[in-house]
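Just so you know, the protein sequences line up as chains A and B, in that order.
When the letters of the first sequence are read in order and numbered with the numbering used here, they come out as residues 1 to 345.
When the letters of the second sequence are read in order and numbered with the numbering used here, they come out as residues 1 to 345.
Beta carbons: idealized from backbone N, C-alpha and C, even for Gly.
2 protein chains.
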Amino acid sequence: MSENGNEPTPLNEIGEFGLIDRLTQKIELKNSSTILGVGDDAALIKNEKALTVVSTDLLVEGVHFDLLYVPLKHLGYKAVVVNLSDIYSMNATPTQITVSIAVSNRMSVEALEDIYEGINLACEMYGVDLVGGDTTSSLSGTVISITAIGELDEAKAVKRSGAKETDLICVSGDLGAAFAGLQILEREKEVFKEHSTIQPDFSGKDYILERQLKPEARKDLIEYFAKEGIVPTAMIDISDGLSSELIHLAKASEVGVQIYENKIPLDAQTINTCEELNLNPVMAALNGGEDYELLFTVPIEHFEKIKREPLLTIIGHITDQGSGNNMVASGTEALIELKAQGWQH
Amino acid sequence: MSENGNEPTPLNEIGEFGLIDRLTQKIELKNSSTILGVGDDAALIKNEKALTVVSTDLLVEGVHFDLLYVPLKHLGYKAVVVNLSDIYSMNATPTQITVSIAVSNRMSVEALEDIYEGINLACEMYGVDLVGGDTTSSLSGTVISITAIGELDEAKAVKRSGAKETDLICVSGDLGAAFAGLQILEREKEVFKEHSTIQPDFSGKDYILERQLKPEARKDLIEYFAKEGIVPTAMIDISDGLSSELIHLAKASEVGVQIYENKIPLDAQTINTCEELNLNPVMAALNGGEDYELLFTVPIEHFEKIKREPLLTIIGHITDQGSGNNMVASGTEALIELKAQGWQH
Chain A
1 MSENGNEPTP LNEIGEFGLI DRLTQKIELK NSSTILGVGD DAALIKNEKA LTVVSTDLLV
61 EGVHFDLLYV PLKHLGYKAV VVNLSDIYSM NATPTQITVS IAVSNRMSVE ALEDIYEGIN
121 LACEMYGVDL VGGDTTSSLS GTVISITAIG ELDEAKAVKR SGAKETDLIC VSGDLGAAFA
181 GLQILEREKE VFKEHSTIQP DFSGKDYILE RQLKPEARKD LIEYFAKEGI VPTAMIDISD
241 GLSSELIHLA KASEVGVQIY ENKIPLDAQT INTCEELNLN PVMAALNGGE DYELLFTVPI
301 EHFEKIKREP LLTIIGHITD QGSGNNMVAS GTEALIELKA QGWQH
Chain B
1 MSENGNEPTP LNEIGEFGLI DRLTQKIELK NSSTILGVGD DAALIKNEKA LTVVSTDLLV
61 EGVHFDLLYV PLKHLGYKAV VVNLSDIYSM NATPTQITVS IAVSNRMSVE ALEDIYEGIN
121 LACEMYGVDL VGGDTTSSLS GTVISITAIG ELDEAKAVKR SGAKETDLIC VSGDLGAAFA
181 GLQILEREKE VFKEHSTIQP DFSGKDYILE RQLKPEARKD LIEYFAKEGI VPTAMIDISD
241 GLSSELIHLA KASEVGVQIY ENKIPLDAQT INTCEELNLN PVMAALNGGE DYELLFTVPI
301 EHFEKIKREP LLTIIGHITD QGSGNNMVAS GTEALIELKA QGWQH
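Put into structure tokens, the structure is as follows:
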């Protein structure tokens, strides 16, 4: 290790095993189901519920994140959160994660520790244990792969495929903010490239920047369902934009969807920022992605209960498959067909 | 897709969802525990035993594999096998995997299908289900991240930490062959770089090349333990070389190890190739890595049983921690201290 505490430590100075020791020394296991964590060939998890839920994601530098404006700690935090969001979208509780990181040799031990600080913070916030992983060098950019493990009672499992005609279509929180935040970061990056002395202008953008840089997963919604005794008929998390997720849900459930443009929940900062940038905020919600809100369907008898919950918005209802996937436009009442976007990084 | 069936299809022509459909269409689920596989936010696994076992690995182009001489199908196969090896080393049975791949845009859909062909073949050979994953683009090299899930009765769990003084130290198969195979591939790569018309000379190297390019995990050993009613006191798979794994096992178990140079199992091709390249075959076994054999300890009462099993070799015994980790040299009987290597890609 470097003698001088202020000098970044090159990765090759510390070696694989020294690095793993340094990155995992702060881990405190929280879940009774974690029998064996980091340090063996595999982790051992005691099954306390009937089902184990598994989800995995890969984040690639230059594709999913830009180290020019994403702080390393936020990167680690977000990498965990996007995986936990997938576990919540099955109506399950995440309990463990594994983390694999390939880092360029240009990165210092301290930089890697910053990523892990964000990872550990997310583990703490969501009550999950880091139980395994792999750290390796990369000849080019940084890649983070996280697998999240969760537990679930069989009767509570919610797939994409259970939506029925007349079910209500609901979303948590508000949409399009992460996309609006990304546009601001990209704009300031362009300014910075040309005039590196100009300070970035982020005033009045705190909410949308936080939505982009430090999103949260909807733990509170799963707790709400448990408290209210509601099991959604279908659920999916909104990672690629509302439109694309609605189409996935409709296809898996063999139904159609009808949503209302004027029901889509938008934050004031999202609306203002989109206006400033000459973007349509509804398009940001439909196609923007990275909101990590939950989109779900429930039988119509839950209407009063859902209506009262400030966290939730009813945006439409399930129709027959032949009717397709449509949005009723504000004002004109015209039907606009929803289109998928998928990955367009 | 390309009109001409012989033209490689660029990845960006097919889109994310088309690609996922194409890569996952051949999946047939084999395990009764797999309730829900690819196609939702997460996979659902029914817990049929008390413990779930989880292991994860990241393979990076240019660090762990070289596409110049590793066929894509073998790459996919090996990426699965190295993860299953970690599950077996807990004395567990692997049941599911998730696969995430970041591919450079230079790679075609067909190339990615070749990787998946190897992945699917490994799934078939080892009876595991591919239940999830992520496919994304990369600005540079290819990265494969696999997480393996297994199941295990609580009484059968084997960690690194259970070895006791006087226990026998045993290994499966033979060691150093994967390293010898890699040296031949590297030699032929250098020849090819200078004279691209010269055909590579691989005669008499089939075994060591297969050990490098298409290793197998020790499913048969776990089955042997179950049949014979043996539960090892400690176990680890040999991915980084015998020496490094012995040191991990000794440290976790708070014991010392003593092995005998003349007991280390070596294949004739490994010995011949090492002589040809002026390498010491014992060093290839100690420090070479990628053998994916299992190193384990058992109480001394199993001596006769283990001795009879052609798959296994007793290479030494556990000592007290103060005696350190040593190898008794052939002929001289001198004690040589074992050193860790770790990652030196």
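Assumed close pair residue i, residue j - CB separation to whole angstroms, cut-off 8 Å
i: T357 of chain B; j: I144 of chain B; result: The displayed coordinates of chain B run from 1 to 345. Any statement about residue 357 of chain B would go beyond what the structure contains.
i: S85 of chain A; j: Y224 of chain A; result: Not quite, the Cβ-Cβ distance comes to about 16 Å (not below 8 Å), so this is no contact.
i: L51 of chain A; j: A157 of chain A; result: 6 Å
i: A163 of chain B; j: L249 of chain B; result: 6 Å
i: D167 of chain A; j: V298 of chain A; result: 6 Å
i: N47 of chain B; j: N91 of chain A; result: Their Cβ separation, rounded to whole angstroms, is 17 Å, which puts N47 of chain B and N91 of chain A out of contact at 8 Å.
i: A43 of chain A; j: V131 of chain A; result: 4 Å
i: L209 of chain A; j: G181 of chain A; result: 5 Å
i: E165 of chain A; j: D320 of chain A; result: 6 Å
Where residue i falls, given that 16 or more other Cβ within 10 Å makes a residue buried
i: Q344 of chain A; result: Because the pLDDT at Q344 of chain A is just 38, under 50, the model does not fix this residue reliably, and the point stays unresolved.
i: I198 of chain B; result: exposed
i: H195 of chain A; result: exposed
i: L277 of chain A; result: exposed
i: I300 of chain B; result: exposed
i: L346 of chain A; result: Missing from the structure shown is residue 346 of chain A; chain A here goes from 1 to 345 and no further.
i: G288 of chain A; result: buried
i: T332 of chain B; result: exposed
i: P94 of chain B; result: buried
i: E7 of chain A; result: exposed
i: A102 of chain B; result: buried
i: Q183 of chain A; result: buried
i: K26 of chain A; result: exposed
i: N31 of chain A; result: buried
i: K193 of chain A; result: exposed
i: M327 of chain B; result: buried
Which listed residue (the options) has its alpha carbon closest to that of residue i
i: H317 of chain A; options: A:F296, A:R187, A:E333 and A:V63; result: A:F296
i: E190 of chain B; options: B:Y69, B:N12 and B:T313; result: B:Y69
i: D347 of chain B; options: B:P200, B:L23, B:T95 and B:C274; result: Limits of chain B in this structure are 1 at one end and 345 at the other, which puts residue 347 of chain B out of reach.
i: V81 of chain B; options: B:P232, B:S239, B:E186 and B:L266; result: B:S239
i: P215 of chain B; options: B:L112, B:N83 and B:E113; result: B:N83
i: L29 of chain B; options: B:D129, B:N120 and B:L311; result: B:D129
i: E13 of chain A; options: A:E110, A:A43, A:L58 and A:L175; result: A:E110
i: I259 of chain A; options: A:S330, A:N91, A:I236 and A:N120; result: A:S330
i: A268 of chain A; options: A:A285, A:E254, A:G256 and A:V255; result: A:A285
i: V38 of chain A; options: A:R308, A:L75, A:I97 and A:E210; result: A:I97
i: R160 of chain A; options: A:H302, A:V231, A:I115 and A:I20; result: A:V231
i: N105 of chain B; options: B:I306, B:K307, B:V255 and B:L11; result: B:L11
i: E337 of chain B; options: B:A79, B:L246 and B:E117; result: B:L246
i: E228 of chain A; options: A:I264, A:E309 and A:V255; result: A:E309
i: G150 of chain A; options: A:V328, A:I222 and A:Q321; result: A:I222
i: I264 of chain A; options: A:V328, A:I315, A:P200 and A:N280; result: A:I315
i: E113 of chain A; options: A:E186, A:A226 and A:T9; result: A:T9
CB of residue i within 9 Å of CB of residue j, strictly
i: G141 of chain B; j: S138 of chain A; result: yes
i: E188 of chain B; j: F202 of chain B; result: yes
i: Q212 of chain A; j: E261 of chain A; result: no
i: V257 of chain B; j: N325 of chain B; result: yes
i: D41 of chain B; j: I87 of chain A; result: yes
i: L311 of chain B; j: D220 of chain B; result: yes
i: S323 of chain A; j: L58 of chain B; result: no
i: M176 of chain B; j: L72 of chain B; result: Note on residue identity: the sequence assigns Gly, not Met, to residue 176 of chain B. No, these two residues do not count as a Cβ contact at 9 Å.
i: I236 of chain B; j: S89 of chain B; result: yes
i: V60 of chain B; j: T136 of chain A; result: yes
i: I35 of chain A; j: I20 of chain A; result: no
i: C123 of chain B; j: T313 of chain B; result: no
i: N120 of chain B; j: G76 of chain B; result: yes
i: K339 of chain A; j: S243 of chain A; result: yes
Distance cut-off 8 Å: residue i Cβ against heavy atoms of the ligand GDP
i: I169 of chain A; result: With respect to the ligand GDP, the structure shown offers nothing to examine, as it has no ligands at all.
| Which residues, in order along the segment 30-50 of chain B, keep a beta-carbon less than 8 Å from a beta-carbon of chain A? | I35, L36, G39, D40, D41, A42, A43, L44, I45, K46, N47, K49 and A50
| field | Within 7 Å of chain B by C-beta, residues of the segment 119-145 of chain A in sequence order | value | V131, G132, G133, D134, T136, S137, S138, L139, S140, G141, V143 and S145
When Cβ atoms are compared, which residues of the segment 53-64 of chain A fall closer than 7 Å to chain B? V53, V54, S55, T56, D57, L58, V60, G62 and V63
task: Output, in sequence order along the chain, the residues in the segment 153-181 of chain B whose CB is closer than 7 Å to any CB in chain A.
output: A157, K159 and R160
Name, going along the chain, the residues of the segment 79-94 of chain B whose beta-carbon falls closer than 7 Å to a beta-carbon of chain A.
-> D86, I87, S89 and M90
What residues in the segment 220-238 of chain A have a beta carbon less than 7 Å from any beta carbon of chain B?
I236 and D237
**Under 9 Å (Cβ pairs) to chain B, residues found in the segment 254-281 of chain A** = none
Closer than 8 Å, Cβ to any Cβ of chain A: which residues of the segment 101-116 of chain B, in chain order? I101 and A102
Near-chain B residues of the segment 295-329 of chain A (beta-carbon distance less than 7 Å), N- to C-terminal order
none
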